[in-house]
Each structure stands twice: as C-alpha cells, then as structure tokens.
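K.L.:
The structure follows.
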Amino acid sequence: MTLNSAVIVSYSRTPIAKFCGSLSSLSAPQLASQAITSCIQRAGTATTNTAASDLIIDEAILGNVISAGIGQAPTRQAVLGANLPQSTICTTINKVCASGLKSAMLGAQSVMLDRNRVVLCGGMESMSNVPYYLQQYRQNPSPLGHGKVIDGVIHDGLWDVYNNQHMGMCAEKCAQDYAISREEQDEYAIESYRRAIAAQEGGKFDDEIVPVTVPSKRRGQDPTIVSKDEEPGAVNLEKLPNLRPAFLRDDSGTVTAANASSLNDGAAAMIIMSEEKAMELQLEPLARIIGFGDAAQAPEDFTTAPAKAVPIALQNAKLQASDIDYHEINEAFSVVSIANMKLLNLDAGRVNVFGGAVSLGHPIGMSGARILGTLYHVLKDQDGTLGCASICNGGGGASAIVLERLK
C-alpha cells in the first residue's frame, strides 16, 4: 500500500498568557477559534491563487486536557466559532500534555491513509477557567456541614493518580535518578528564559502568533489586543536561584516554581493535508511529517518517556539520530529536558533554541502543537532541514514527530 505524504501548509498560535492573566476572560474554544481563523487565512495567503474560502476542512482534531466547565464538544465550539461550515467533523482528544502533538499525528495518519485530505489539528487550554469541583456532593448531598472543594487544575491536569502525588514529585524522582542538581536545573531555566527573551525581542515568534482580541468588560471601551507571550517578560532572573523548592520542602528539594513550567492559557492550530492536495490548491507546504511515534513506561517515570518515543519516531522516518538538526523537547520541568538530552546524547545548543515551556508557558492542551509549530520556525530561522518535536505526558507516556522543512 502506498501512503500519501502529509504536509503542514499553515500554522498559527495565540500568545501564551499567564495564569489568570490577559486571556483569562476567554474560554479555550474561544482562544482556539482565533488561532483557527488566522491559520486558515495564512493558508489562503500562502499563494495568490488560493483563497481561504477554498479550503474545505474534512475534519478538525484538537487537543484539550481539562474540559470540565467548557461545555459540550470543545473542538466543535472552536470550529463553529471560527465560522467553519457546520458539516465539519470535529473531535476533541486528551493525551494530557501530548494532546496537541497527538492531534497532529492523528491528522497525518488520516491523510496518509486517504481517509481525509485536509485536517485541522492543534490544541487549546484555558487553565485560568478550570473550575473547582464538589466531587461527592451529587451522591451524598448534605443540608448541613462543610464540603471539600477540589482544584480541577491539580486534580485533572497535574496529579499522578497512580501514585497519588503531584507530578512535581515525579520530577524530583527524575532529578534523583539522574543526579541532576538544583543548580543545574536553575541554570537551565535561566538559559530558557534568556533564549525566549532574545527570540521575542528578535521577532522570532511574530510569524507564529496571531494577536488576540479580548473584549472589554466595560461597555463602550475598546477591546484589548494581546500580541506577545507574557511569561518571558515577567521573570526576575536574579531571584530565580533563591526560590524555595515547590514539592520537597526540605533541603533535598530541587524543583521550584521557576525551574518548572507555569500554568497558562493559549491555543494553536495547523492545517495538515496530502501533498497532492497542496499541489492541487497551489499551496506551498511549510513542512512534511515524515515520522512519528509514541512510547510509555511507569507513570512516575513519565519525565524520560521522550527518550523512548524519539527513537521510535526516527525509525518510522527511516532516519538516524545524527540526521536531526534541531529538537524541541517540551519543558514540563527543566529536569525533563536535561534528562532527555543526556539520554539521547543531544547538543543543548540545538534543543529548544527559542526557549521552551519553562520560559514561554505550558497551556497543557496546546503545548504539543506549539512545539511542533515552533520547531518549523527554528528550522527556517537556522536553515535546518530535519527536526524532531517530543513531549512527555502524565501516566508515563510521550509522543514525538519528525519534520522535514520544505519552505
């Protein structure tokens, strides 16, 4: 059986906002709608011969992790909010932090197998709008007494349910397993911020980001336009090494709020289609998806699962590790990138060149799509050809995609 070639023809993302920051008044689907609209417009302007209206999306597959309180069918909301036809098939997926990257894998697979010709992929998360839960109240309502309130962000986004612990404790285990010191993690985090700040000031994200319009809460006032990632400009690098450990409070703790990723809001979208369809529409593809892979191990060792997924993706692409020019490894924690670089024997100068989740933020349903889009822009900026994006996810898993830059 001959498989179709799957290519990315357009990519767009919102700025990444701080937790309860400038985008907190918008739901995850509302953020995604703006990313989708921009993504389709960018595809339409990629050539003078194809209008955005000529793009018919066969299916939309978007990642979202914490869907409580959003309402039915988050992807459907995002698609209709972007004024796509009601006939568009919509699916929301949850592979925790890898959701956005897995959406691209599923989209590529459907194109390769000729099930779809054009797929909208990506991810979205508004961690600011995740509700609190009264879990037992429905089964045991009481007219009197206190009820326990559960934080949905922690419960459904940041908690290792298999060992009943915060995922930060898994990061501490990784630091112990691979003898990664607090100082090494802080140095990595500082470098991540430096790279993100330099990239932002150098306009490296300008071709990724669509400015988001946030309606004013006051009648008659103009909307606010958010056009930059908020996290890079909010850090005090001098104070970073002095923060207390966030999970192990004694002297043995190494993971802090600053050398881990933050809680954030954002959305990303990309259009994947067959290369044949791109030629038919006279669109110039940005990149070709030439390999992908998933891996899994013990839930408490999710931190190093990318080191297992990357070789699988490379094998699928029929490439060697030495063929890859640049990597994006999602910085759930600084220790994640440090450990996986060691295990994969990677040059730190070719990993997360524009910074990562520690310095840019980690809207968990969005991040997988974000690192794939950023990987393309790194390859373009650095004149690289082959890149690999990888991301770990709660439960012990990871996903990876290999890209070939075409434009």
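In our numbering, the protein residues as written are 13 to 419. Idealized CB from N, CA, C, for every residue including glycine.
Is there a Cβ from chain B that is less than 8 Å from the Cβ of Arg382?
P.N.:
Considering every chain present, this structure includes no chain B. It has just one protein chain.
K.L.:
So what's Gln177 in DSSP terms, helix, strand or just coil?
P.N.:
If DSSP states are grouped into helix, strand and coil, Gln177 belongs with the strands.
K.L.:
Which one or two residues does DSSP pair with Arg300 in a beta bridge?
P.N.:
For Arg300, which the question treats as bridged, DSSP gives the partners Val19, Glu416.
K.L.:
So for Leu260, helix, strand or coil by DSSP?
P.N.:
DSSP places Leu260 in coil when its eight states are reduced to three.
K.L.:
Does the distance from the CB of Cys102 to the CB of Ala85 come in under 8 Å?
P.N.:
Yes.
K.L.:
Contact between the stretch 98-114 and the stretch 403-411 is defined here as three or more beta-carbon pairs at a separation below 8 Å; is this criterion met?
P.N.:
Verdict: yes, contact present.
K.L.:
Report buried or exposed for Val247, applying the criterion of at least 16 other Cβ atoms within 10 angstroms of its Cβ.
P.N.:
Val247 is buried by the Cβ-count criterion.
K.L.:
Once you ignore the five residues that flank Asn364 on each side, which residues in its own chain have a CB closer than 8 Å to its CB?
P.N.:
Excluding sequence neighbours, Asn364 sits near Ser204, Arg207, His339, Glu340, Ile341, Glu343, Ser349.
K.L.:
Can you give me the start and stop residues for the alpha helix (DSSP H) that Met458 sits inside?
P.N.:
The shown model of the chain, from 13 to 419, leaves out residue 458, and the question about it has no answer.
K.L.:
Please specify which runs of the beta strand (DSSP E), each continuous and at least 3 residues long, are wholly inside the stretch 159-221, giving them in chain order.
P.N.:
You should have found no qualifying run.
K.L.:
Looking at C-alpha atoms only, which residue of Ser411, Gly407, Ala329 is the closest neighbour of Met179?
P.N.:
Of the candidates Ser411, Gly407, Ala329, the one whose C-alpha sits nearest the C-alpha of Met179 is Gly407.
K.L.:
Between Gln233 and the ligand GDP, is the CB less than 7 Å from at least one heavy atom?
P.N.:
This structure lacks the ligand GDP; in fact it carries no ligand of any kind.
K.L.:
For Met378, name the three-state secondary structure that DSSP assigns.
P.N.:
Met378: coil per DSSP, three-state reduction.
K.L.:
To the nearest angstrom, report how far apart Pro143 and Ile162 are at their CA atoms.
P.N.:
Going by the C-alpha atoms only, they are around 9 Å apart.
K.L.:
Considering just the uninterrupted stretch of the beta strand (DSSP E) at Asn405, what are its terminal residues?
P.N.:
Element bounds for Asn405: 398-405.
K.L.:
Nearest to Leu384 by alpha carbon, out of Leu146, Ala279, Thr316?
P.N.:
Closest by alpha carbon: Ala279.
K.L.:
Going straight from the alpha carbon of Glu296 to that of Arg261, what length do you get?
P.N.:
In a straight line, the C-alpha of Glu296 is about 53 Å away from that of Arg261.
K.L.:
Using a 10 Å radius around the Cβ and a threshold of 16 neighbouring Cβ atoms, would you call Tyr149 buried or exposed?
P.N.:
Tyr149 comes out exposed.
K.L.:
So, do the stretch 371-378 and the stretch 24-38 have three or more beta carbon pairs nearer to each other than 8 Å?
P.N.:
Yes: the two stretches touch, three or more of their Cβ pairs being nearer than 8 Å.
K.L.:
Leaving out five residues on either side along the sequence, give the residues of the same chain with a beta carbon under 8 Å from the beta carbon of Thr397.
P.N.:
Within the same chain, Thr397 has close Cβ partners Asp337, Leu391, Glu416, Arg417.
K.L.:
When the Cα atoms are used, what is the spatial distance from Gly135 to Ile52?
P.N.:
C-alpha separation (whole angstroms): 15 Å.
K.L.:
What residues in its chain sit with their C-beta under 7 Å from that of Asn11, if we drop five residues either side in the sequence?
P.N.:
Coverage of the chain is limited to positions 13 through 419, which leaves residue 11 absent and any answer about it impossible.
K.L.:
Please name the residue, chosen from Ile82, Ala116, Asp70, that lies closest to Gln98 on a Cα-to-Cα basis.
P.N.:
When each option's Cα is compared against that of Gln98, the closest is Asp70.
K.L.:
May I ask you to list the residues that DSSP assigns as paired with Tyr149?
P.N.:
Beta-bridge pairing links Tyr149 to no other residue.
K.L.:
Please report the distance separating the alpha-carbon of Ser140 from that of Ser39.
P.N.:
Approximately 9 Å, taken between the alpha carbons.
K.L.:
Taking 8 Å as the cut-off, decide whether the C-beta atoms of Leu125 and Ile105 are in contact.
P.N.:
Against a cut-off of 8 Å, the Cβ pair of Ile105 and Leu125 comes out as no contact.
K.L.:
Evaluate Arg230 with the Cβ neighbour count: other Cβ atoms within 10 Å of its Cβ, from every protein chain shown; 16 or more gives buried, anything less gives exposed.
P.N.:
Classification for Arg230: exposed.
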